[in-house]
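First to last, the protein sequences are chains Y and W. When you line the first sequence up against the numbering used here, it's residues 228 to 390, in that order. When you line the second sequence up against the numbering used here, it's residues 228 to 390, in that order. C-beta atoms are modelled at their ideal positions from N, C-alpha and C, and glycine is treated no differently. Please read all numbers here as calculations on a predicted model, not as lab measurements.
Protein chains: 2
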Amino acid sequence: MKISAQEEYGLRCLLQLATLKEDESLTLPQIAEREGISSANAGKLMWLLNKAGFVQATRGTKGGYSLAREAGEIYLSEVIKILEEDEIAGHCESYTGVLDSCVHNGGCGIRPVIVGLHEIIQNALSQITLAQLVGTEAKVDERFHRIQGLRQLSVNSQQSSNR
Amino acid sequence: MKISAQEEYGLRCLLQLATLKEDESLTLPQIAEREGISSANAGKLMWLLNKAGFVQATRGTKGGYSLAREAGEIYLSEVIKILEEDEIAGHCESYTGVLDSCVHNGGCGIRPVIVGLHEIIQNALSQITLAQLVGTEAKVDERFHRIQGLRQLSVNSQQSSNR
DNA sequence: CGCAATCTTGACAAAAAAATAATGTTTTGA
DNA sequence: TCAAAACATTATTTTTTTGTCAAGATTGCG
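Pasting the structure below:
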């Protein structure tokens with residue numbers, strides 16, 4: 228279970244824009260340099276993010292990219308949804324092995340886990356905005372752990388309810 | 228953020244063994260058929276799981292695979308750790324773009340999110356054993372949601388504590 | 001013993017993902 | 001108006017991930 232290159236870099240590029248002041252913008256070469264990727268690559272990512280409505284692009288000299296909405300209104304859950312290749316919607320449509328559809332029509336012990344995991348992840352990501360990721364790493368880390376904190380406790384306290 | 232083919236199929240093959248009675252075992256072709264994958268593929272997966280100590284293999288006629296430990300003692304967190312290609316340990320060593328190391332030495336707003344997400348996932352998976360995935364889908368689903376349930380509540384109740 | 005069933009293991013091929021390249025369009029300003 | 005700077009879009013190449021194959025090794029049985 229891991230994050231894809233597109234998700235990681237896309238998020239990082241967006242985060243660069245989130246650090247800008249009002250009326251500032253960044254060109255592709257600038258974004259590329261700040262994230263250590265090629266500007267062709269940055270171009271493709273920004274194209275995606277533009278299509279999805281997260282950023283505004285202006286062409287021509289003096290052009291560049293800026294956020295289309297306030298950083299505090301952009302939730303990671305939305306961004307990740309755009310950046311992951313294709314919709315996770317149909318888990319049972321991927322991983323069908325050599326067959327056309329999954330062999331487990333009806334009962335499958337894994338599906339609820341996969342689906343549940345996605346719910347957990349989405350839930351966590353839907354509580355974080357871009358704005359909250361701007362700042363020092365320590366600060367961001369502390370913020371994130373507040374989101375996790377209570378869960379750890381509550382989950383542990385009902386651990387032994389299995390057959 | 229998604230589960231890889233290796234993780235998915237590996238887990239499913241293990242789950243097949245978990246449904247067996249004492250002293251039963253399955254051969255590669257049998258596992259392959261039940262999961263709708265090729266037996267060559269099943270072979271590689273089982274090889275991994277064998278190396279990691281989750282399954283026992285016996286060769287020769289009447290050979291096959293069975294779990295090396297009780298299904299109730301095998302946690303998904305361990306299994307996933309083995310099945311994901313390489314250790315997630317060093318997130319900063321992957322996704323370095325065109326450079327040798329990540330440009331964000333020192334402060335990076337994304338790292339805590341990635342790391343935190345992994346903690347959340349690991350935590351959820353470390354509460355689920357193979358044994359709990361045997362049964363009807365509805366039952367498994369209900370079990371899994373017990374794990375999620377309390378978290379949802381606790382997280383929502385402290386949502387507005389950001390700058 | 002010797003054959004057949006079975007796992008083991010490394011090399012190889014196919015598919016998917018990621019990155020780059022190439023070509024086109026828009027804007028600004030001299 | 002024209003050239004330069006910048007984004008837009010599609011095609012191609014490269015890399016990574018998956019899956020297959022083939023040659024071995026081990027075991028049981030007639």
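Item	Value
Closer than 9 Å, CB to CB, is GLY324 of chain Y near chain W or not?	yes
Taking Cβ-Cβ distances shorter than 7 Å, what residues in chain W pair up with LEU238 of chain Y?	ILE337
Any beta carbon of chain W sitting closer than 9 Å to that of VAL330 of chain Y?	yes
Assuming THR356 of chain W contacts GLY299 of chain W under a Cβ cut-off of 8 Å, what Cβ separation, rounded to an integer in Å, is found between them?	5 Å
Keeping to the same chain, check which residues put their C-beta closer than 6 Å to that of LEU380 of chain Y; ignore five residues upstream and five downstream.	For LEU380 of chain Y, the pLDDT reaches just 42, beneath the cut-off of 50, and the residue's location in the model is therefore unreliable, although a value from the coordinates is still provided. Counting only Cβ-Cβ distances below 6 Å, and skipping sequence neighbours, we find nothing.
Taking the beta strand (DSSP E) that GLY270 of chain Y belongs to, which residues open and close that run?	Per DSSP, GLY270 of chain Y belongs to no beta strand (DSSP E); it is in the alpha helix (DSSP H), 266-278.
Is it buried or exposed for ARG370 of chain W, if we count other Cβ within 10 angstroms and need 16 for buried?	buried
Beta-carbon within less than 8 Å of LEU241 of chain Y's beta-carbon, same chain only, minus the 5 sequence neighbours each way: which residues are those?	LEU276, PHE281, VAL282, LEU294, ILE301, VAL306, LEU357
Is there at least one Cβ from chain Y nearer than 9 Å to GLU235 of chain W's Cβ?	yes
Determine the contact status of SER304 of chain Y and GLN359 of chain Y, defining contact as a CB-CB distance below 9 Å.	no
Closer than 9 Å, CB to CB, is ASP368 of chain W near chain Y or not?	yes
For the putative contact between TYR292 of chain W and LEU326 of chain W, defined by C-beta atoms under 8 Å, what is the C-beta separation to the nearest angstrom?	44 Å between Cβ atoms; not a contact.
Quick check: is the beta carbon of THR363 of chain Y nearer than 9 Å to any beta carbon in chain W?	yes
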